[in-house]
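Here the sequence shown is numbered in the working numbering, starting from 141 and rising by one per residue.
We treat Cβ as the ideally placed atom computed from N, Cα and C, and that holds for glycine.
Keep in mind it's a predicted model, so treat the numbers as computed, not measured.
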Amino acid sequence: MKTVVVTGATSGIGFAVCAALLKSGCRVIGLGQSEKNCAAAAEKLLVINPAYDITYLCGDLMQQPEVLRLAQEIRSVLERSSGGVLDALVNNAGCVRSWYMTTGEGYEHQFALNHLAGFLLTHELLPNLIKGSGQILFTSSGSHKMMKINWQDIMFQRRYRPLFVYKQSKLCNMLTVQALNSRFSGLNIRAYGIDPGLVRTEIGNKNTGKLVDLFWRRRSKHGVDPTIPAKIYADIINSKPQAENPYYGISGSLKQSREVNKQNADRLFSLSEVLCKIRFEVDEKCLS
Ligand SMILES: NC(=O)c1ccc[n+]([C@@H]2O[C@H](COP(=O)([O-])OP(=O)(O)OC[C@H]3O[C@@H](n4cnc5c(N)ncnc54)[C@H](OP(=O)(O)O)[C@@H]3O)[C@@H](O)[C@H]2O)c1
C-alpha cells in the first residue's frame, strides 16, 4: 500500500486528489488549515468508503514553525503506519491575495504558502521520501509561463501586483521541481509539476478583495471539476513515469517556460534555503 501526504486536502483539487488516491488503494495523510474543514473532509471521504485509510492533520502552512510541527506529526504517523516510508508528497496548498500581507516570519502570503511551505515540507520529509524512492508533486499552473522571477523584490513589497505574485509562485514550483531533480535523482527521488488547468474551486474567493473575488467567480465557472485534474496525480503516483520532462497536465506531458533553467533553479533553491533556515543535505543514515 502506498502512503501519500497531500497538502491543501480539505477542498478543491487537494480534496479530489485524496479521493482519487484512496479509491486507488493508497493510504493518505491530508493536511488542512482548519479543524472544522479537516473533520468535514474526513467525514465526506469516509461516507464514500468507511474502510478508507485517511488521517487529517491540521495547521497553518504559511507559518514555518507550523510546517515543522506538522512534519513532526507526519513522521510519527509514518513510523506507526508504514515504517517511516513515504511514497509521495503532494505540495498543493495554495492561496491568492489582493494585498501585501505577511506571515510571522515577515514573508508575503502567496510566496510563503505557494512556494516556501512546500519547499520546507519537502526538506523535512526527505529522509522518508528517500526510504520510499518517493515522488514529490507540486501543483503549479500554466500561468508560470508568463512570468519571470522578480529577483530585485521577490515578495513584491515595493509594488504589489497580486496576479504577478501568484504566477511567480507557480514558476517557483517549476524551478523547485528542476532543482530537486538535478540534486536527488540519484536517490530515486523524482519531482513533478502539475498544471491542473482551469478548475472550478473557490481559491480566488478566500481572503481576497471584491475585484479578485468577482473576477474569480466569473472565471472559475468555466473551469473543470476538480476530479478531472485529480486523475493526473493518481496516474503519476500509481505509474511513476520516468520521462525526462517532469511537467504534466490533463493531456499528458507539457512544455515548461524557458525561465525554468538551471541558473534560475539554483538561485531560487539557495535563496529558499536561506529563507527557511535549512540546508538540503542527505544524511548518511537515509542511504543505509
Ligand atoms: N483552481 C484552479 O484553476 C487552479 C489552477 C492552477 C493551479 N491551481 C493551484 O491548485 C492548488 C489548490 O487550489 P484550489 O484551486 O484547489 O483551491 P482551494 O480549494 O482553495 O484549495 C486550497 C487548499 O489549501 C488550503 N490552505 C489555504 N491556506 C492554507 C494555509 N495557510 N495553511 C494550510 N492550508 C491552507 C485550503 O484550506 P481550506 O479548505 O481551509 O480553505 C485548501 O485545502 C493551489 O496551489 C493553486 O494555486 C489552481
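Please list the terminal residues of the continuous beta strand (DSSP E) segment that includes residue i.
i, result
"Tyr196", "Ile194 to Cys198"
"Val144", "Thr143 to Thr147"
"Ile169", "Arg167 to Gly172"
"Asn177", "Asn177 -> not in any beta strand (DSSP E); alpha helix (DSSP H) instead, spanning Glu175 to Ile188."
"Val230", "Ala228 to Asn231"
With distance defined between alpha-carbon atoms, name the residue in the options nearest to residue i.
i, options, result
"Gln396", "Ser281, Ala252 and Ser174", "Ser281"
"Lys142", "Phe259, Val168, Met314 and Ala159", "Val168"
"Ile372", "Gly337, Leu201 and Thr147", "Gly337"
"Lys163", "Ala374, Gly234, Glu384 and Met241", "Ala374"
"Lys350", "Ala182, Ser238, Asp193 and Glu206", "Ser238"
"Gly234", "Gly389, Cys312 and Lys361", "Cys312"
"Ala156", "Ile418, Leu408 and Leu185", "Leu185"
"Arg220", "Gln292, Asn268, Ala191 and Val236", "Asn268"
"Pro369", "Val146, Gly165, Ala257 and Ile153", "Ile153"
"Leu210", "Lys285, Ala383, Lys288 and His263", "His263"
"Asn345", "Ser360, Met202, Tyr306 and Ala228", "Ser360"
"Leu201", "Pro190, Asn254 and Glu175", "Asn254"
"Gln382", "Gln308, Asp335, Thr147 and Asn328", "Asn328"
"Phe296", "His284, Glu248, Thr279 and Lys417", "Glu248"
"Glu342", "Val364, Gly333 and Ser322", "Val364"
"Gly92", "Val422, Lys307 and Gly246", "Examination of residue 92 is not possible in this model, given that the chain is present from 141 through 428 alone."
"Val217", "Thr195, Leu229 and Ala228", "Thr195"
"Leu320", "Asp406, Gly172, Lys288 and Pro302", "Asp406"
"Ile276", "Pro386, Gly165, Gln308 and Pro190", "Pro386"
"Leu226", "Ala252, Asn232 and Lys271", "Lys271"
"Ser379", "Gly274, Cys158, Asp335 and Ser412", "Gly274"
"Trp291", "Thr279, Gln308 and Cys178", "Gln308"
"Ile390", "Ser410, Ile334, Val414 and Leu415", "Ile334"
"Leu108", "Ile188, Glu206, Leu171 and Leu354", "Because the chain spans 141 through 428 in this model, residue 108 falls outside it and cannot be assessed."
"Phe304", "Gln250, Phe278 and Glu413", "Gln250"
"Asn404", "Ser322, Thr348 and Cys416", "Ser322"
"Asn347", "Gly224, Gly392 and Tyr240", "Tyr240"
"Lys288", "Leu415, Gly148, Glu399 and Leu408", "Glu399"
"Pro429", "Asn177, Ala160 and Leu260", "Nothing in the structure corresponds to residue 429, since the chain is present only between 141 and 428."
"Phe278", "Arg299, Arg298 and Ala228", "Ala228"
"Leu415", "Leu256, Thr243, Pro302 and Cys158", "Leu256"
"Gly392", "Lys417, Val352 and Tyr332", "Tyr332"
"Gly244", "Met314, Gln203, Ser283 and Asn231", "Gln203"
"Asn231", "Gly223, Glu213 and Thr316", "Thr316"
"Val144", "Arg301, Cys166 and Arg340", "Cys166"
Name, in chain order, the residues that DSSP records as bridge partners for residue i.
i, result
"Glu331", "Note on identity: in this sequence residue 331 is Ala, with Glu being the wrong assignment. According to DSSP, which records beta bridges pairwise, Ala331 is partnered with Ile276."
"Val157", "BP columns for Val157 are empty, so no partner."
"Val339", "Val364"
"Thr243", "DSSP output for Thr243 lists no bridge partner at all."
Where do the ends of the alpha helix (DSSP H) carrying residue i lie?
i, result
"Tyr388", "That residue, Tyr388, is in no alpha helix (DSSP H); its beta strand (DSSP E) goes Tyr387 to Gly389."
"Leu210", "Gln204 to Ser222"
May I have a chain-ordered list of the alpha helix (DSSP H) segments no shorter than 4 residues that lie completely inside the stretch 349-426?
350-360, 367-379 and 402-416
Any beta strand (DSSP E) of 3 or more consecutive residues that is wholly inside the stretch 255-327
275-279
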